[in-house]
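This note's numbering puts the first residue of the sequence shown at 908, with every later residue one more than the last. Ideal Cβ positions, reconstructed from N, Cα and C, are used throughout, including at glycine.
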Amino acid sequence: MVNSGFTESLVNQQRGIALKPFILIACIAISSQVYAGKPHQHAAHQHGVATLDVASDGTTLHIALDSPADNLLGFEHAPKTPAQKAELEQLGKQLARATTLLDIPAGCTASAGQVALPAFGKGEHSDVSASYTLSCQALPERLTLQLWQHYPRLNKLTVNLALASGQSRQTLRRGEALALKGK
Ligand SMILES: [Zn+2]
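Now the structure itself:
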């Protein structure tokens, strides 16, 4: 018992050391995906969590959202009722508007979203993806996300950033904005 505090801190140190190579590998994997232009590899499907990939190309930002359908739709099966069919159609229209995702910063223009609605076929889970291009006069320092307002079932965003300044990963909690500088 006398040693337990010491042992715990030693374990934490070891954990910290063990995690670093993992983070490094993850970053390399992300950057190679972004730069090779390969299709997005799905992250682990976890309800309440979605992934946002943000890559800069000069003063243009490429933004891709990938989310379990449940977060955005409230169900994850083929629509069974007229109401569910309408909700799915509505989701497609909603995600086609970049303003559903974020506030368009001053000096930027956004493309319409390229939306891939879930196929609802294989397995129990389905994902929705949407990608956007934000063309800016200068890269904004932060992005205010509107996703939180539109989708109350969404609690957490894993953001993979690939900017000229380097690659990083941020975890955003409900309501938080995305910082592109100063991280
Ligand atoms: Zn699911």
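If you follow the beta strand (DSSP E) that residue i is part of, which residue opens it and which one closes it?
| i | result |
| --- | --- |
| N1067 | 1063-1070 |
| Q1021 | 1021-1023 |
| P975 | 967-975 |
| T1078 | 1073-1080 |
| A1017 | 1015-1017 |
Just confirm the distance between the C-beta atoms of residue i and residue j, as a whole number of angstroms; I'd bet it's less than 8 Å.
| i | j | result |
| --- | --- | --- |
| L972 | S1036 | 6 Å |
| A1023 | Y1039 | That pair is no contact at about 13 Å. |
| T1007 | H1057 | 6 Å |
| E983 | A990 | Contact doesn't hold; Cβ gap of about 16 Å is too wide. |
| L1002 | L980 | 11 Å between Cβ atoms; not a contact. |
Expressed to the nearest angstrom, what Euclidean distance is found between the alpha-carbon atoms of residue i and residue j?
| i | j | result |
| --- | --- | --- |
| P1012 | L1050 | 7 Å |
| A1084 | L1064 | 10 Å |
| S974 | R1004 | 16 Å |
| R1060 | H954 | 8 Å |
| K1000 | G1073 | 33 Å |
| Q948 | V956 | In this prediction, Q948 scores a pLDDT of 49, lower than 50, which makes its location untrustworthy; the coordinate-derived value is nonetheless stated afterwards. Cα-Cα distance, rounded: 15 Å. |
| E1092 | D964 | Past the boundaries of the shown model lies residue 1092; the chain is included only from 908 to 1090, so the question cannot be answered. |
| V1066 | G1082 | 14 Å |
| P1025 | A1086 | 29 Å |
| G1078 | L1041 | Sequence check: residue 1078 is Thr here, not Gly. Taking the straight line from one Cα to the other gives about 21 Å. |
| K987 | A1071 | 46 Å |
| G944 | D960 | Because the pLDDT of G944 is 35, which lies under 50, any placement of that residue in the model is unreliable, and the number read from its coordinates should be weighed accordingly. Near 12 Å, if we compare the C-alpha coordinates of D960 and G944. |
| D1034 | E994 | 15 Å |
For residue i, which residues from the same chain have a beta carbon less than 7 Å from its beta carbon, with the 5 sequence-adjacent residues on both sides left out?
| i | result |
| --- | --- |
| A985 | F1027 |
| D1010 | T1051, Q1053 |
| Q1044 | T966, G1014 |
| K992 | P986 |
| N978 | H954, G955, A957, Y1058, R1060, L1061 |
| Q1021 | A1037, S1038 |
Near residue i, what residues of its chain come up, given a Cβ to Cβ distance below 8 Å and the 5 sequence neighbours on each side ignored?
| i | result |
| --- | --- |
| C934 | Low confidence applies here, because C934 scores a pLDDT of 39, under 50, leaving its location unreliable; read the following figure in that light. Contacts found: Q1074, S1075, R1076. |
First and last residue of the alpha helix (DSSP H) that includes residue i?
| i | result |
| --- | --- |
| L959 | Not the alpha helix (DSSP H): L959 falls in the beta strand (DSSP E), residues 956-964. |
| L1041 | Element bounds for L1041: not the alpha helix (DSSP H) but the beta strand (DSSP E), 1034-1043. |
| T988 | It is not in any alpha helix (DSSP H) - T988 carries neither H nor E in the DSSP assignment. |
| K1005 | A quick correction: the sequence has Ala, not Lys, at residue 1005. Counting along the chain, the alpha helix (DSSP H) containing A1005 begins and ends at 1005-1008. |
| H1057 | 1054-1057 |
Please return the same chain residues whose Cβ sits closer than 6 Å to the Cβ of residue i, not counting the five positions on each side in sequence.
| i | result |
| --- | --- |
| K1088 | E1048 |
| N1062 | G955, R1081 |
| E1031 | none |
| W1055 | R1081, G1082 |
Using only the heavy atoms of ligand 3, determine whether one of them is closer than 6 Å to the beta carbon of residue i.
| i | result |
| --- | --- |
| L1041 | Only ligand 1 can be found as ligands here, which leaves ligand 3 out of the picture. |
Does the beta carbon of residue i come closer than 7 Å to any beta carbon on chain C?
| i | result |
| --- | --- |
| V1035 | Although the question refers to chain C, the structure presented lacks it and comprises just one protein chain. |
Item to check | Closer than 6 Å: residues whose CB approaches a heavy atom of ligand 1 | outcome: Result: H952, H954, P975, D977, E983, H1032.
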